[in-house]
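As structure tokens, the structure follows; a few thoughts come after it.
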Ligand code: AMP
């Protein structure tokens, strides 16, 4: 089994429920085992125009699927959640990104791993930091830790665009 990390995001049609349901579906994928899930986060949308806030999370999933097969599985879960693919960065019911697949670097027309934009996105890095081992974070984030880190830890205290969703937090239920 290979340890993969997958980012989930939603800002449409009850996003918390979209993310929770997707995690349950991922946990039942054949040849996969759910290892850990981050807390749920709220984040301000980046992209064009006014958009609702996002719900974000990251999971660790052990898998014997190939990277290409795992991507196909993620895309079919996205399709089940009726994601609208017509506009890039537009609001989406569910977005699933393969962040890491073991320590592999993958560059095919369909798949780039590590996910090329993960290192600039606090809404990915912070949930990842909930569940990833310290050495993995050090390995991938040493530049960021050196620049922004406090005591070798990522510091997000000044990021008003990202917050932990408490279980009873009704602030984002749309
Ligand atoms: P997006 O609209 O950001 O979800 O991008 C979807 C497209 O990104 C799909 O066509 C995938 O083939 C491609 N893609 C490339 N690398 C990845 C990755 N690491 N995880 C998910 N999709 C990826």
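Residue numbers (this note's numbering): 51 to 224.
C-beta: ideal position from N, C-alpha, C; glycine also.
#### Entry: Three-way DSSP call (helix, strand, coil) for residue 142 in this model
Looking up residue 142 in the chain shown gives position 92. Correct three-state label for residue 142: coil.
### Query
Counting only runs that start and end within the segment 94-181, where is the beta strand (DSSP E) found for 3 or more residues in a row?
104-113, 145-151
### As assigned by DSSP and simplified to three states, the class of residue 188
Position 138 of the chain shown, counted from the start, is the residue given in the question as residue 188. Helix.
### Message
Taking 9 angstroms as the threshold (C-beta atoms), are residue 60 and residue 66 in contact?
### Response
If you number the chain shown from 1, residue 66 lands on position 16. If you number the chain shown from 1, residue 60 lands on position 10. Cβ distance < 9 angstroms, so residue 66 and residue 60 count as in contact.
### Query
To which residues of the same chain is residue 79 closer than 6 angstroms at the C-beta, ignoring the five residues directly before and after it?
Counted from its first residue, the chain shown places residue 79 at position 29. Excluding positions up to five away in sequence, the list reads 123.
#### Entry: residue 170: CB within 8 angstroms of a non-hydrogen atom of the ligand SAH
With respect to the ligand SAH, the structure offers nothing, as its ligand set consists of the ligand AMP.
### Message
Am I right that residue 109 and residue 86 are in contact with their C-beta atoms under 8 angstroms? What's the rounded C-beta distance?
### Response
Reading the chain shown from its first residue, position 59 is the one you call residue 109. Reading the chain shown from its first residue, position 36 is the one you call residue 86. Yes, residue 109 and residue 86 are in contact; Cβ-Cβ is about 7 angstroms, under 8 angstroms.
### Query
What is the DSSP secondary structure of residue 66, counted as helix, strand or coil?
As a working mapping, residue 66 is identified with position 16 in the chain shown. DSSP places residue 66 in helix when its eight states are reduced to three.
### Message
Can you determine whether any heavy atom of the ligand AMP sits closer than 8 angstroms to the C-beta of residue 68, and answer yes or no?
### Response
In the chain shown, residue 68 corresponds to position 18, counting from 1. Because no heavy atom of the ligand AMP lies under 8 angstroms away, the Cβ of residue 68 does not count as near it: no.
### Query
From which residue to which residue does the beta strand (DSSP E) around residue 90 run?
By 1-based counting over the chain shown, the position of residue 90 is 40. No beta strand (DSSP E) holds residue 90; DSSP gives it neither H nor E.
### Straight-line Cα distance separating residue 190 from residue 182
Position 132 of the chain shown, counted from the start, is the residue given in the question as residue 182. Position 140 of the chain shown, counted from the start, is the residue given in the question as residue 190. For residue 182 and residue 190, the distance between alpha carbons rounds to 11 angstroms.
### Query
What is the DSSP secondary structure of residue 215, counted as helix, strand or coil?
As a first step, residue 215 is located in the chain shown; it is residue number 165 there, counting from the start. Residue 215: coil per DSSP, three-state reduction.
### Message
With H, G and I counted as helix, E and B as strand and the rest as coil, what does DSSP make of residue 77?
### Response
Position 27 of the chain shown holds residue 77. Residue state, collapsed to three classes: helix.
### Message
Do residue 146 and residue 163 count as a contact pair if the criterion is CB distance below 9 angstroms?
### Response
Here residue 163 refers to the residue found at position 113 of the chain shown. Here residue 146 refers to the residue found at position 96 of the chain shown. No. Outside cutoff.
### Message
Taking 8 angstroms as the cut-off, is the beta-carbon of residue 124 closer than that to any non-hydrogen atom of the ligand AMP?
### Response
Here residue 124 refers to the residue found at position 74 when the chain shown is read from its first residue. Correct: residue 124 has its Cβ closer than 8 angstroms to the ligand AMP.
### Message
Distance check for residue 89 and residue 81, CA to CA, integer angstroms please.
### Response
Taking the first residue of the chain shown as position 1, residue 81 is located at position 31. Taking the first residue of the chain shown as position 1, residue 89 is located at position 39. Approximately 24 angstroms between the Cα atoms of the pair.
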